[in-house]
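Q: My structure is below; once you've seen it, I'll send some questions.
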Ligand code: F6P
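In this note's numbering, the protein residues as written are -18 to 309.
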C-alpha cells in the first residue's frame, strides 16, 4: 500500500477534522502518500483529489465541520457513478481508502470494493451515534454537549415563566442524542423512537406535575419519534391541558457544528490512526470503533445491518430521577 486517499461523507460531525488529521499523519508516518478527496464520493466522481502533507492538517484538530467538505452523493449510488469514481482512483494510483462517515458512507464503500477491489476502512463520523461496532461515534459527544448548553439556557426561562418546553433534538431514527442530553440536562422525560410513546402517560405525568407545585418542565423529543414531531406532541398536550404554557424549541443544525470536545478529539485521533493501520495490515470493508475501551474492527456488513439498542438502564434513569414517586 503506497498511496491512500481520505474522504468525509454524509452529515458532517465535530471531530471529522481531527480524524482526517489522524489518518493523514498516520499515512505519512507509514511512508505512504496521502490524498484528500474533496466533497466525499461526489469528489471521487468529479476528480477532486488533493495531495496532502503534514502541514495540510495543521491547526484543524479544534475545528468543527470538515476541511474536505462533505456530501450525500446520489450519483455514487449508481453503478455508472461508481465506475466514473474508479477511473479517477486508477488515474491517481490510489491503493486504499479511509472513509469517515455513517451507514450510507460504508454502504457505498462496500459496493465499491465488491466492484473494483479497492480496500477500504471506515471511521464512524456522525453525531447520531447510531452505528453498531463502536460505543460512541465521532461527533456525538460534542452534539450532546451543544444540546446541553441549550437545555440549560431554556431551563432558566422555563423556570422564570413556569412553562413546559418540548425540545427537539437530532438523531435521525434513533434516540441517542435525546437520551443522553435528557439525563445530563435533568429533563423530566425523553421521547424516543426506540420506545412506545403513550400520549396518555405523558398527559398524566404532566398533570401530576402541575398539581404538585411543579411549574416548569423540560421534555426532550428525538426528531425520529414515530408518534410525531415535537410540535405535534406539544399541540396535543396544549389541547388536553390548557393551563399549561407549552413552548417548542427545535435545536436543528446547531448540533452539527462547533469545536469538538476533548472526548471527540481523542476518539477521532484514535480512529483515524486505526483506520490507516487497518489498511496497512491488509484489512478491508471494516469500520474501526472502540468498544469497552478496546479498538475493534467490525465488518461494514454488520455496522450497516445490526442495531445498537439504547440500554434500558439509561431510560430508567430519566424515569426514576424525574421527581415522581413509584406508582404501581
Ligand atoms: O446524520 C446526521 C444528521 O444531522 C441527522 O441527525 C439528521 O437527521 C440529518 O443528518 C439531517 O441531514 P441534513 O443536514 O442533510 O438535513
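Note that CB positions come from ideal geometry on N, CA and C, so glycine has one too.
These figures come from a predicted structure and were not determined experimentally.
#1: Whole angstroms is fine: what's the gap from residue 251's alpha carbon to residue 49's?
#2: With a threshold of 16 other CB atoms inside 10 Å of the CB of residue 198, please say whether the residue is buried or exposed.
#3: Three or more beta-carbon pairs under 8 Å between the region 239 to 246 and the region 219 to 231, yes or no?
#4: According to DSSP, is residue 247 helix, strand or coil?
#5: Whole angstroms is fine: what's the gap from residue 85's alpha carbon to residue 246's?
#6: Terminal residues of the continuous beta strand (DSSP E) containing residue 14?
#7: For the region 159 to 167 against the region 123 to 136, do three or more pairs of beta-carbon atoms, one drawn from each stretch, fall closer than 8 Å, so that the two count as touching?
#8: Starting from residue 305, trace the beta strand (DSSP E) both ways and give me its first and last residue.
#9: Jot down the residue ranges of each uninterrupted beta strand (DSSP E) in the region 26 to 82, minimum 3 residues, whole runs only, in chain order.
#10: Enumerate in chain order the residues of its own chain whose CB-to-CB distance from residue 138 is below 8 Å, with the five nearest sequence positions on each side excluded.
#11: At what residue ranges does the region 104 to 163 contain a whole run of the beta strand (DSSP E), taking only runs of 3 or more?
#12: I think residue 254 touches residue 79, with their Cβ atoms under 8 Å apart; what is that distance to the nearest whole Å?
#13: What three-state label does DSSP hand residue 237 in the structure shown?
#14: Run the proximity test for residue 109: is its beta-carbon closer than 7 Å to any non-hydrogen atom belonging to the ligand F6P?
#15: With a 10 Å radius around its C-beta and 16 neighbouring C-beta atoms as the bar for buried, classify residue 267 as buried or exposed.
#16: From residue 77 to residue 22, what distance separates their C-alpha atoms?
#17: Relative to the C-alpha of residue 258, which residue among 7, 45 and 135 is closest?
#18: Where does the unbroken beta strand (DSSP E) through residue 214 begin, and where does it stop?
#19: Name the two residues that bound the continuous beta strand (DSSP E) containing residue 279.
#20: If you check the beta carbons only, do residue 214 and residue 116 fall under 8 Å apart?
#21: Should residue 153 be counted as a contact of the ligand F6P given a C-beta to heavy atom distance under 7 Å?
#22: Need the endpoints of the alpha helix (DSSP H) that residue -3 sits in, please.
#23: Measuring from the CB of residue 204, is there a heavy atom of the ligand F6P at a distance below 7 Å?
#24: Just verifying my parser: in three-state terms, what is the DSSP assignment at residue -12?
#25: Drop a sphere of 10 angstroms on the beta-carbon of residue 10, count the other beta-carbons inside from all chains shown, and report buried for 16 or more, exposed for fewer.
#26: At a threshold of 7 Å, does residue 58 count as lining the ligand F6P (C-beta to nearest heavy atom)?
#27: Considering only C-alpha positions, which residue in the set 205, 244, 98 and 288 is nearest to residue 274?
#28: Taking its Cβ as the centre, do 16 or more other Cβ atoms sit within 10 Å of residue 54, making it buried, or is it exposed?
#29: Following the continuous alpha helix (DSSP H) through residue 270, name the residue where it begins and the one where it ends.
#30: For residue 111 versus residue 151, is the C-beta spacing smaller than 8 Å?
A: Reading from the atomic positions:
#1: Annotation: residue 251 to residue 49 spans about 19 Å, alpha carbon to alpha carbon.
#2: buried
#3: Verdict: no, contact absent.
#4: helix
#5: 23 Å
#6: Element bounds for residue 14: 14 to 18.
#7: yes
#8: Where residue 305 is concerned, there is no enclosing beta strand (DSSP E), given that its DSSP letter is neither H nor E.
#9: Runs of the beta strand (DSSP E) inside the region 26 to 82: 30 to 33 and 77 to 82.
#10: 144
#11: Runs of the beta strand (DSSP E) inside the region 104 to 163: 145 to 150.
#12: Going by Cβ atoms, the distance from residue 254 to residue 79 rounds to 10 Å, so no, they are not a contact pair.
#13: helix
#14: yes
#15: Residue 267 counts as buried, since at least 16 other C-beta atoms from the protein chains shown sit within 10 angstroms of its C-beta.
#16: 14 Å
#17: Closest option to residue 258, Cα to Cα, is 7.
#18: Counting along the chain, residue 214 falls outside any beta strand (DSSP E), though it belongs to the alpha helix (DSSP H) covering 211 to 221.
#19: Boundaries of the beta strand (DSSP E) harbouring residue 279: 275 to 280, taken from the DSSP string.
#20: no
#21: yes
#22: -3 to 10
#23: yes
#24: strand
#25: exposed
#26: no
#27: 244
#28: Burial call: buried.
#29: Element bounds for residue 270: not the alpha helix (DSSP H) but the beta strand (DSSP E), 267 to 272.
#30: no
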